[in-house]
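Residue numbers (the UniProt record's numbering): 1 to 489.
Right under this line is the structure:
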């Protein structure tokens, strides 16, 4: 993908204006597709220290909860190796995890429930974001002292960091390897990602310092926390280019590409909406910029959010918020076009900038070629459309039986269909020489096709849906006048 100059300038403006508005001291961003990073940039400063370089594509930031996609991928890798059952109870691996369930119901959260944020645990961002360095012994003692659920496990969405900390311990107890080592050896190193779980301020690598705004007194630099049990919820450091490479690898799974440690099938599984969540707020667009899509459906998969909007379809994402840092990654499932963005301020909500940036990129790309092209109909669907167009013009019971499944004649007898089709033609002024030529075909699934047949004063809408058999027949055959009138066949 080549990004047009005006599109790139619009994306740069999104993030530059956030820094100019003092949302954060500095930030980095990258655009990517399924082949990797296609553009990147930065704005502001990485630190209050004037000797430090400005943030760029290789500057390390804390990515916070974007780490959860690595945790989920690790669990799926263990599942694929036959070492883990996602439907096993979490306490079968972590026996000290016995949460109190509302109503004293005997329900145990499963691994799958915790992965999809439906384990019943309450939202806990402010507390959990400060617990990264907790030791295994401290965590076990915390669990043993008692945990409360806010809802019955498996019945609804509630974002829980504690649940992902438990999942990190499941990874350790199943694999026999520390969580941070497992993710590093199984994913970060094989994929060549510039990421780590620990960073010293003395290291000779470009990194951003996190900051918190102090009312009336500017910005306060915050120290890094070290790895611990809660690293599974958000412990990684990454550059925008390395997290974009991770997003690109996940996005390429839709093509079936088998590359890296986790199968394409499991990567696709991560990106399926498994638990519906409350509809999120859509940020306002900049003047003259396209409005970010407002999702019609929004929810959680495995370590990733998934949303659907009317124009572009599925978009996969995750945000990260940590003391001193804000991160976001998102990509369009159909095209693989994506954005990663970081800022070095507490809960700066860089997701708003990333959402707008991706909307700009998708809008520009869609004006060149559809980024969400319609699926191609099966050859059998096209053949049926030709045969059914012939039936609409010259009905034959014999010809109908050759293309229609038996249910069609049982649902509405052929004589009745023939009569209502003739009534439909009369409503559009009768047939013309062009009436045998289908126009404006629309396909939303290989087995489903809608097209139009012109009449003298209007046109007929014809629809077919095929059976799932190896040699499919038409199970749905509808003909109606193109108007709000009810179906006539």
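Where a beta carbon is used, it is the ideal one built from N, C-alpha and C, also for glycine.
*Let me know the alpha helix (DSSP H) ranges lying completely inside the stretch 54-86, each 4 residues or longer, listed in chain order.*
DSSP runs (the alpha helix (DSSP H)) wholly in the stretch 54-86: 68-80.
*Using a C-beta cutoff of 8 Å, does residue 165 count as contacting chain B?*
Protein chains in the displayed structure number just one, and chain B is not present.
*Should residue 214 go down as buried or exposed, given a rule of 16 or more other Cβ atoms within 10 Å for buried?*
Under this definition residue 214 is an exposed residue.
*Around the Cβ of residue 437, are there at least 16 other Cβ atoms within 10 angstroms (buried) or fewer (exposed)?*
Exposed, by the Cβ-count rule.
*Taking three-plus beta-carbon pairs below 8 Å as touching, is the stretch 89-106 in contact with the stretch 135-148?*
Two segments are said to touch when three or more pairs of C-beta atoms, one from each, lie closer than 8 Å; by this definition the stretch 89-106 touches the stretch 135-148.
*the stretch 191-201 / the stretch 223-232 touching (three or more Cβ pairs under 8 Å)*: Inter-segment contact for the stretch 191-201 and the stretch 223-232 is present: three or more beta-carbon pairs are separated by less than 8 Å.
*Could you pull the start and end residues of the alpha helix (DSSP H) that residue 339 belongs to?*
In the DSSP annotation of this structure, residue 339 is not part of any alpha helix (DSSP H); the continuous beta strand (DSSP E) holding it starts and ends at 338-343.
*asked:* Considering Cα atoms alone, identify which of 255, 143, 208, 137 is closest to residue 121.
replied: Considering only alpha carbons, the answer is 143.
*Can you tell me which of 472, 469, 367, 481 puts its alpha carbon nearest to the alpha carbon of residue 462?*
Residue 481 is the option with its Cα nearest to residue 462.
*Which residue or residues does DSSP assign as beta-bridge partners of residue 318?*
Residue 318 pairs with 329.
*asked:* For residue 56 and residue 157, which I take to be in contact (beta-carbon distance under 8 Å), what is that distance rounded to the nearest angstrom?
replied: Not a contact, Cβ separation roughly 37 Å.
_Closer than 8 Å is the cut-off here; do at least three beta carbon pairs connect the stretch 320-339 with the stretch 349-365?_
Because the criterion of three Cβ pairs below 8 Å is met, the stretch 320-339 and the stretch 349-365 touch.
_C-alpha gap between residue 346 and residue 164, whole angstroms_ = Residue 346 and residue 164 have their C-alpha atoms some 21 Å from each other.
*Have a look at 349, 94, 189, 207 and flag the residue whose alpha-carbon is nearest the alpha-carbon of residue 18.*
Nearest C-alpha to residue 18: 349.
*From residue 237 to residue 270, what distance separates their C-alpha atoms?*
Cα to Cα, residue 237 sits roughly 22 Å from residue 270.
*Cβ neighbours of residue 209 in the same chain (closer than 6 Å, five flanking residues each side left out)*: Within the same chain, and ignoring the five residues on either side of residue 209 in sequence, the residues whose Cβ sits closer than 6 Å to its Cβ are 47, 221.
*asked:* For residue 441 and residue 370, what's the separation of their Cα atoms in angstroms?
replied: Rounded to the nearest whole angstrom, the C-alpha separation of residue 441 and residue 370 is 16 Å.
*In angstroms with no decimal places, state the Cα-to-Cα distance between residue 488 and residue 420.*
With a pLDDT of 44 at residue 488, under the threshold of 50, the modelled position of that residue is not reliable, and the figure given next carries that caveat. C-alpha separation (whole angstroms): 6 Å.
_CB of residue 361 within 8 Å of CB of residue 31, strictly_ = Against a cut-off of 8 Å, the Cβ pair of residue 31 and residue 361 comes out as a contact.
_Checking 8 Å against the spacing of the C-beta atoms, do residue 29 and residue 341 come in under that value?_
Yes. Within cutoff.
*asked:* Using DSSP's beta-bridge definition, name the partner residues of residue 480.
replied: BP columns for residue 480 point to 461.
*In whole angstroms, what is the alpha-carbon distance linking residue 15 and residue 358?*
The straight-line gap from Cα to Cα measures roughly 12 Å.
*Quick one: residues in its chain with C-beta nearer than 6 Å to the C-beta of residue 319, no 5 flanking neighbours on either side, listed in chain order?*
For residue 319, where only same-chain residues beyond five positions count, the Cβ hits under 6 Å are 328, 351.
*Just curious, the beta strand (DSSP E) that residue 454 is in, first and last residue?*
It spans 448-454 - the beta strand (DSSP E) in which residue 454 sits, taken as one unbroken run.
*Quick one, which of 355, 321, 330 has its alpha-carbon nearest residue 343's?*
With respect to the C-alpha of residue 343, the residue from 355, 321, 330 having the closest C-alpha is 321.
*Should residue 279 be labelled buried (16 or more other beta-carbon atoms within 10 Å of its own) or exposed?*
It is exposed - the Cβ of residue 279 has fewer than 16 other Cβ atoms within 10 Å.
*Put residue 114 into one of helix, strand or coil per three-state DSSP.*
In the three-state scheme derived from DSSP, where H, G and I count as helix and E and B as strand, residue 114 is classed as helix.
*For residue 34, which of 2, 9, 45 has the nearest alpha-carbon?*
From the listed residues 2, 9, 45, the smallest Cα separation to residue 34 is found for 2.
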